[in-house]
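Residue numbers (my numbering): 48 to 227. Take a look at the structure below.
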Amino acid sequence: RDKRSAWLDAVLRDVFGWGSLFEKGSLASAGIAVFSPDERVRVNPTGALVIAETPHALVLVVDPQEATLDANYPDDGWSASALDRMAAFLRTSESCSVGVVTDGRWWAVVSAPVGGPVAWGVTDSLAWSEDTQVRDAFARILDPRLLNEEAGIGGHTLPRMFHDSVALAEEVTESLGQQV
48 RDKRSAWLDA VLRDVFGWGS LFEKGSLASA GIAVFSPDER VRVNPTGALV IAETPHALVL
108 VVDPQEATLD ANYPDDGWSA SALDRMAAFL RTSESCSVGV VTDGRWWAVV SAPVGGPVAW
168 GVTDSLAWSE DTQVRDAFAR ILDPRLLNEE AGIGGHTLPR MFHDSVALAE EVTESLGQQV
């Protein structure tokens, strides 16, 4: 676990550029928790990207998975996957709609704005040394400036890009429907 913890810190702080903005534990996730439908299982985020005392992205670190992060989470009595659990966190958060889920190997970015659709993308970090473009692209979308709704890069933020992609997908669907 110590080696995995060091790896996770290196990726979040150095590769993604979160540095000291990444906060672990209850300080970063104060008040954010989700429960299984029967309320027997409570889950808190592992940490968060915190800018000006406000979480802008949540982090959930899970035990290594036999499959990918969208498989049911084993052995705790709640069938929700790690990605579903992150989506539930984001739906309860007032300050962020983007999260990161990882088991150390698999890394996912999750978008779940209140009232909007859930979306995620997953990458395998074992391939990052061979496919540096995927690693760099994943790190780029998790740049703290893109996650900061008040700043962004050139007026762009990741939550806004997710929102715009949904709107464009609806436009394409409507256009295709008219052609049929």
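The C-beta atom is built at its ideal place from N, Cα and C for all residues, glycine as well. Predicted, not measured: the structure shown is a model, and the values here were computed from it.
*asked:* For Gly162, tell me which candidate among Val97, Ser83, Ser144 and Val169 has the shortest Cα-Cα distance.
replied: Ser144
*Under 8 Å Cβ to Cβ from Val109, same chain only, skipping five residues before and after it: list those, please.*
Leu116, Tyr120, Ala129, Val148, Thr149 and Asp150
*Reduced DSSP secondary structure (H/G/I, E/B, other) of Pro191*: helix
*Less than 8 Å between the CB atoms is what I'm expecting for Leu68 and Leu96, so what's the real figure, rounded?*
About 5 Å separates the CB atoms of Leu68 and Leu96; that is less than 8 Å, so the two are in contact.
*Return yes when the Cβ of Val181 is within less than 8 Å of the Cβ of Trp167, no when it is not.*
no
*Relative to the alpha-carbon of Leu189, which residue among Val62, Asp49 and Ala53 has its alpha-carbon at the smallest distance?*
Val62
*Three-way DSSP call (helix, strand, coil) for Leu107 in this model*: strand
*For Thr204, the nearest candidate out of Ser172, Arg48, His103 and Val90 (CA to CA)*: His103
*In or out: Ala75 buried (at least 16 other Cβ within 10 Å) or exposed?*
For Ala75, the predicted structure reports a pLDDT of 48, less than 50, and the residue's modelled location is therefore unreliable. The matter cannot be settled from this model.
*Hey, how far is the Cα of Arg207 from the Cα of Gly94?*
22 Å
_Could you compute how far the alpha carbon of Leu194 sits from the alpha carbon of Leu105?_
11 Å
*Following the continuous beta strand (DSSP E) through Asp117, name the residue where it begins and the one where it ends.*
Here Asp117 belongs to no beta strand (DSSP E), and DSSP marks it neither H nor E.
*Beta carbon of Arg187 nearer than 8 Å to that of Ser172*: no
*asked:* Taking 6 Å as the limit between beta carbons, can you name the residues of its chain near Ala135, skipping five residues before and five after?
replied: Val81
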